[in-house]
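What follows is a set of notes on a single structure, which appears directly below.
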Amino acid sequence: MIDRASITQWAGRVSWNDPAQVEQDLIISRALVAIFSDEFLASQLAFRGGTALHKLYLSPQG
Numbered sequence: 014m015i016d017r018a019s020i021t022q023w024a025g026r027v028s029w030n031d032p033a034q035v036e037q038d039l040i041i042s043r044a045l046v047a048i049f050s051d052e053f054l055a056s057q058l059a060f061r062g063g064t065a066l067h068k069l070y071l072s073p074q075g
């Protein structure tokens, strides 16, 4: 579970109003950062769908 302060802070960066959606978006974002920060995982994994593409390349959250 992610602490409430992190969810509140992340809510200012995303368009979701529901705290559960904000938390899910933050979990996905943190997971992608962790995966792509690992050289081995980044070179071995490929994602289907648009979530990773959108988050990593089309609309990065500074």
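If you want this note's numbering, it's the position in the sequence shown, counting the first as 1, plus 13. Where is the CB? At the ideal position from N, CA and C, for every residue including glycine. A quick note: this is a predicted structure, and the numbers were derived from the prediction, not measured.
Can you tell me whether residue 35 is buried or exposed? The criterion is at least 16 other CB atoms within 10 Å of its CB, across all chains shown.
With 16 or more other Cβ atoms within 10 Å, it is buried.
Let me know the secondary structure DSSP gives residue 23 once reduced to three states.
Here residue 23 sits in helix by DSSP.
For residue 65, which residues from the same chain have a beta carbon less than 7 Å from its beta carbon, with the 5 sequence-adjacent residues on both sides left out?
Here the set comprises 45.
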